[in-house]
Amino acid sequence: MSQAQARADRRWMGAALAFAEHSRGLVGTNPFVGCVVEREGRVLARGRTRETGRPHAEADALGSLDEDLTAATIYVTLEPCAHNSQRGPACTDILLTAKPARIVVAALDPDPRTAGQGAKRLRAAGIDVTVGTCEAEARAQQAGFRTRIALGRPRLTLKLATSIDGRVALASGESQWITGEAARAHGHLIRAQSDGILTGRGTWEADSPSLTCRLQGLEDRSPVPLLLSATLTELPAPLISRGGRLLHHTDQLADLAVNDILVEGGAGLAGTMLNADLIDRLLVYRAPVLIGDTAPGAGRIDLPNLAAAHGRWRRTQTRALGEDYLEIYERTR
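FYI, in the working numbering the residues of the sequence shown are 92 to 424.
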């Protein structure tokens, strides 16, 4: 493949990844996928996984397209599914009927029902299939879905807003606001990108947090509120009105039909989730302030020795947000 073709493939796949973002948080346990149909530098159609997971991106793009695609290239952010479903035909079959010249796939599907079979069937039919264009970007976008396939539960992201010395509040309990406006706005963007937001009873009773996205234009992307409490018998009315859920145990997280959950709460909830090794990603917003020896960011984490703390987390991103600093860590498994 020429360098010019590789650059063009990355550009078109970037467009497919951007279009897929419109379906984030709307497709349940399905992956949100983007698709672009291109011929001679012109977009013929584009599609994305629609609400509740159907139609898939390929079906969405090709559904109303009545053109000869034998000279076209189809870009899709996840390998076309190859398994039958009562909800619709396999995307591989749709593409075999369309017979495009090329299909460019960002990443193979981890779902064992497809897992390479889609690409294999398309190649067997004589279609040129390229796999791996923008793969890292696609896998990052699909992280929630991939975590569910691998671990049988949603991906869990823990958000911490701390001082330089790792504290989240004064001795009085005052915590609003440790970080500045830019960091708080970024936190609300993460809320908009999450399917659910989990907090604990202590935080709910102390602060009555809204658990909503308050970025202008994204208010309708607020995540479903989730309250974790072993003793509470009823969900508070404000959360019921938003379709919230009461969880009595972390095992119930696997039953939720979502891919991405943001964890926002106090040190007790953070410690519980970390101690159970349920956190897959850490977002640490650090403000340039010193608070003192109270209110740690996380509660008790049972480790046999200091050596066991090393090698668990890999820093994947750092960035400045106004006067604050964001560090993102992924759990190594």
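Beta carbons: idealized from backbone N, C-alpha and C, even for Gly.
Looking at residue i: is its Cβ nearer than 8 angstroms to the Cβ of residue j?
i, j, result
"A358", "D415", "no"
"R141", "S114", "yes"
"R312", "G116", "yes"
"I419", "T407", "yes"
"T270", "L360", "no"
"I255", "L381", "yes"
"R246", "A234", "yes"
"L280", "L306", "yes"
"P314", "L330", "no"
"L365", "A399", "no"
If residue i sits next to residue j, beta carbons under 8 angstroms apart, how far is it from one beta carbon to the other, in whole angstroms?
i, j, result
"L135", "E158", "6 angstroms"
"G105", "A150", "Not quite, the Cβ-Cβ distance comes to about 22 angstroms (not below 8 angstroms), so this is no contact."
"R139", "A173", "That pair is no contact at about 20 angstroms."
"R212", "T183", "5 angstroms"
"R230", "R239", "Wrong, their Cβ atoms sit about 14 angstroms apart, outside the cutoff."
"L337", "R244", "Contact flag wrong, Cβ pair sits at about 18 angstroms."
"W268", "R275", "7 angstroms"
"T164", "A210", "About 15 angstroms; that fails the 8 angstroms criterion."
What residues are listed by DSSP as bridge partners for residue i?
i, result
"I194", "I165, V220"
"P316", "I288"
"I352", "L247, G287"
"A252", "Y376"
"S176", "G179"
"L337", "L318"
Self-check item: Uninterrupted alpha helix (DSSP H) stretches inside the segment 105-163 (no shorter than 4 residues)
Solution: 148-153
Quiz item: Between the segment 351-362 and the segment 272-291, are three or more C-beta pairs nearer than 8 angstroms?
Solution: yes
Quiz item: Pairing CB atoms from the segment 196-208 with CB atoms from the segment 158-170, are three or more of them under 8 angstroms?
Solution: yes
Practice problem: Count the C-beta pairs between the segment 115-125 and the segment 320-330 that are closer than 8 angstroms, then say yes if the count reaches three, no if not. | Solution: no
Quiz item: Counting only runs that start and end within the segment 386-424, where is the beta strand (DSSP E) found for 3 or more residues in a row?
Solution: 404-412, 415-422
Self-check item: the segment 209-228 touching the segment 239-252, judged by at least three CB pairs closer than 8 angstroms
Solution: no
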